[in-house]
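In this note's numbering, the protein residues as written are 1 to 325. Heads up: the structure comes next, in structure tokens.
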Ligand code: TYM
């Protein structure tokens, strides 16, 4: 039997370079490996764990589907679907919540960060975020989850839930592991922390123009003189250079940095141009797909049907084992 893969992106605004390099690139790689059966969703129900606008959420959800298709996810190879259309995720999350302690959830760094960011929004849904994520994965009994390193604490919770369910109820949930890519951690353009939608000026959107990308890359804080330890904004710059430039160019700029001859604007502009060239085919495809409403509707409908068929099997089994009728 093929191993199952599940992943997703939250529907909370445009996707950025971190989402692409840490998440979507791995999703594409596994989709194109015939050893795996891949399920990729838009986590729209996770988006309501922080303040949001219903109208924008709808648009953002479709936008992520368009992004998936434009980046190379293929509905012939992967099941592409919207989380809220497969209600089994929420049912399983409720059953899982009966074996997870409140204290365990309160100690997660991601929970603490969000509460700090939105003190007025310390809700049950926010606390339950990792439990729903575990249900997203385990409802398909997925073994492998292509996500960035920031999601590791959530995967740890999913493994704990799988273990405990198996012990208590004799289920056979696998303990899902992360599939990582070279871009598993993309730092912020501000030189501190990670690239994140919720931090202004920290990210490059996949739909940014060459001018926008150039402006953003130029804004990475770097010293006026090169040389010395590589940290802060300079570290961000070289990490992006390593991911995008040819190895020989990357090495050349690095040597120049160490011997003090590097002009930051030169490496920044070369990097901006290279990032744009990588995003250009995506952007062109995106413009086409966004027009094709019938196709999008078909993809979404078929995806939900395929996902539901498998998810409902799992629910039947779990209810039976838990003594629910
Ligand atoms: P989200 O929407 O925050 O991010 C989507 C994907 O992008 C990755 N990512 C990054 N990778 C590298 N560097 C960064 N700076 C960076 N920022 C984001 C994330 O790791 C992720 O792969 N909880 C998930 C959504 C989710 C999910 C799931 C994922 C819900 N249920 C089940 C997998 C399986 C999230 O908020 O991702």
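Cβ atoms here follow ideal geometry from the backbone N, Cα and C, with glycine treated the same way. All of these numbers come straight from a predicted model, not from anything done at the bench.
Measure the CB-CB distance between residue i and residue j and report whether it falls below 8 Å.
i, j, result
"residue 169", "residue 316", "no"
"residue 253", "residue 272", "no"
"residue 326", "residue 220", "Examination of residue 326 is not possible in this model, given that the chain is present from 1 through 325 alone."
"residue 38", "residue 303", "no"
"residue 153", "residue 182", "no"
"residue 243", "residue 30", "no"
"residue 277", "residue 207", "no"
"residue 311", "residue 64", "no"
"residue 289", "residue 69", "yes"
"residue 180", "residue 149", "yes"
"residue 103", "residue 137", "no"
"residue 117", "residue 53", "no"
Tell me which residues share the same chain as residue i and place their Cβ nearer than 8 Å to its Cβ, disregarding the 5 neighbours each side in the sequence.
i, result
"residue 225", "260"
"residue 292", "none"
"residue 245", "253, 270, 271, 274"
Given residue i, which residues of its chain have a CB within under 7 Å of its CB, disregarding the five upstream and five downstream residues?
i, result
"residue 96", "131, 134, 135, 161"
"residue 7", "23, 27, 40, 145, 146, 147"
"residue 114", "50, 126"
"residue 214", "269, 272"
"residue 307", "39, 79, 81, 86"
"residue 76", "none"
Whole angstroms is fine: what's the gap from residue i's alpha carbon to residue j's?
i, j, result
"residue 56", "residue 269", "34 Å"
"residue 72", "residue 5", "16 Å"
"residue 174", "residue 164", "11 Å"
"residue 227", "residue 187", "21 Å"
"residue 84", "residue 12", "14 Å"
"residue 98", "residue 92", "10 Å"
"residue 232", "residue 189", "9 Å"
"residue 184", "residue 325", "42 Å"
"residue 281", "residue 25", "15 Å"
"residue 43", "residue 255", "43 Å"
"residue 100", "residue 142", "20 Å"
"residue 313", "residue 234", "51 Å"
"residue 32", "residue 237", "30 Å"
"residue 60", "residue 250", "36 Å"
"residue 205", "residue 14", "7 Å"
"residue 121", "residue 129", "13 Å"
"residue 263", "residue 171", "59 Å"
"residue 294", "residue 119", "41 Å"
With burial defined as no fewer than 16 other Cβ atoms inside 10 Å of the residue's Cβ, what is the status of residue i: buried or exposed?
i, result
"residue 35", "exposed"
"residue 67", "buried"
"residue 248", "exposed"
"residue 309", "exposed"
"residue 223", "exposed"
"residue 176", "buried"
"residue 18", "buried"
Nearer than 7 Å: is that true of the beta carbon of residue i relative to any heavy atom of ligand 3?
i, result
"residue 186", "The model on display carries ligand 1 but not ligand 3."
Only counting the same chain, and skipping five residues up and downstream in sequence, which positions put a Cβ closer than 6 Å to that of residue i?
i, result
"residue 203", "16, 195"
"residue 46", "10"
"residue 74", "none"
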